[in-house]
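With the sequence shown counted from 1, adding 165 to any position gets you our numbering. A virtual CB, placed ideally from N, CA and C, is assigned to each residue, including glycine. Take a look at the structure set out below.
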Amino acid sequence: MIGLLTLSEQILCKKEVLGKAFECSIADEQVLIHFPLYPVIDDSDSWFGVGTPLLPPKIEREWKKGAFSLSWGFPMSHPAGDSCVKMLAITTQCEKSYTNTCAQKLYASIERWELAFVDHIKLETKQNIERDQNIQRDTCKFELFEDNYIPEKKTIRIYAIIPSAKTFASEKNILNAIAFADSGKELLLEYQMLLSAYEARRQNQNRRAILDACSAMEITLVDEINQYCQSIGLPPEILINKYRYLGERIDLLKTLDNGFPNEDYKALVINPRNAVMHNKTVFPSDEVTDKLISCVEGFLGHFHPSFY
């Protein structure tokens with residue numbers, strides 16, 4: 166049985182991933198996911214570029230919908246081969262009598278599996294988390310007339326983000342994402358909140374991005390304090406109630422962990438968060454938001470290097 170998976174969000178992959186097949190378990194069914202192939206490039210052809218499509222996987226099938234070829238993705242650099250992937254092929258072996266049951270199981274589970282797969286890649290590579298500068302809000306409409314209508318001379322600005330080479334997923338990144346998606350587990354709550362902060366930043370909602378990122382930090386702080394109290398036989402609520410504020414809990418963990426990340430948390434996290442919480446800063450800047458999220462990423466990575 167052969168399937169086509171159009172990803173909910175295109176992923177950036179290194180050339181080493183292209184053309185390979187990876188074993189997965191979706192709804193307890195063993196399947197292979199096949200990545201598209203890198204095109205054969207004639208370096209003398211000056212027309213090669215992002216318009217050159219990736220090629221479909223070689224699994225003995227002509228991939229078309231009606232008369233139209235499918236868009237599997239495209240290269241973003243050559244000869245490095247870093248590419249954008251939009252589609253994957255899925256194959257599985259099953260008995261004829263079991264085909265329909267297997268198909269329904271895959272249909273029922275693919276959305277959760279794909280979301281987990283993409284989210285893990287996003288967290289590990291930090292791809293597709295940048296602020297979208299092209300989002301526009303609705304505005305009024307203004308028209309001028311003299312003897313005739315005077316058209317507006319309008320300039321349209323389009324911002325393009327050029328991904329860093331380090332954000333393209335390697336084979337190891339893909340395997341890690343598959344392992345998480347196959348596990349059926351959920352991301353740690355703090356990483357769910359970090360993803361929410363990324364999404365808010367992409368939509369230019371800096372206030373929500375700051376609050377969600379700080380929530381991720383607070384969840385980790387409380388969890389670490391709980392674990393420490395359990396290790397020494399102390400009821401966790403004693404320290405949780407004594408150290409109630411974000412800054413106090415950070416200072417407490419600094420005394421308990423010699424490897425605590427050396428950052429200016431007051432300037433990078435606490436002050437911006439308090440300014441937002443108490444409406445001293447209604448619209449935090451992009452720079453303040455980005456620095457806070459980066460600081461929180463390092464903090465979470467220290468305590469929970471695994472995302473689940």
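Within the same chain, Cβ atoms closer than 6 Å to the Cβ of ASN299 are found at TYR324, the five residues on either side in sequence being excluded. Boundaries for HIS467: no beta strand (DSSP E) harbours it, while the alpha helix (DSSP H) harbouring it runs 451 to 468, taken from the DSSP string. DSSP places HIS285 within a helical segment (H, G or I) once states are collapsed to three. Within the region 343 to 411, the runs of alpha helix (DSSP H) that reach at least 4 residues and sit entirely inside it are, in chain order, 354 to 367, 371 to 397, 401 to 407. Going by C-alpha positions, TYR363 is about 42 Å away from ILE315. Between the alpha carbons of ILE294 and GLU311 lies a distance of about 47 Å. Nearest to GLN292 by C-alpha distance, out of GLU402, LEU360, VAL196, CYS267, is LEU360.
Listed in chain order, the non-local C-beta contacts of LEU172 below 8 Å within the same chain comprise VAL250, LYS251, MET252, LEU253, GLU279, VAL283, local neighbours out to five positions each way being set aside.
Approximately 12 Å separates the beta-carbon atoms of THR454 and ARG367; this is outside 8 Å, ruling out the contact.
In this structure PRO449 is in contact with PRO437, their Cβ atoms being roughly 6 Å apart against a cut-off of 8 Å.
Judged by DSSP in its simplified three-state form, VAL196 adopts strand. With respect to the 7 Å criterion, ILE167 and THR256 are classified as neighbours on the basis of their beta carbons.
By the criterion of at least three beta-carbon pairs nearer than 8 Å, the region 392 to 407 is not in contact with the region 367 to 382. The Cβ-Cβ distance between ALA186 and LEU169 does not fall below 7 Å. Sixteen is the threshold: when 16 or more other Cβ atoms of the shown chains lie within 10 Å of the Cβ of PRO240, as they do, the residue is buried.
Contact annotation: PHE468 and GLU389 have beta-carbon atoms nearer than 7 Å. For VAL441, the closest alpha carbon among the candidates PRO204, LEU271, LEU457 is that of LEU457. Only residues of its own chain outside the window of five on either side were considered, and among them PHE200, GLU336, ILE339 have a CB closer than 6 Å to the CB of VAL182, listed in chain order. The three-state secondary structure of CYS267, taken from DSSP, is helix. Taking C-beta atoms under 8 Å as the contact rule, ALA334 and THR290 qualify, at a distance of about 5 Å. With contacts defined as CB atoms closer than 7 Å, GLY412 and ILE375 fail to qualify as a contacting pair. By the 16-neighbour rule on beta-carbons within 10 angstroms, VAL447 is exposed. Ranked by Cα distance from GLU276, the first of ALA346, SER248, LYS230 is ALA346.
Contact between GLU194 and LEU271 holds: their C-beta atoms lie close to 6 Å from each other, under 8 Å. In this structure, the CA atom of SER236 is about 27 Å from the CA atom of ARG322.
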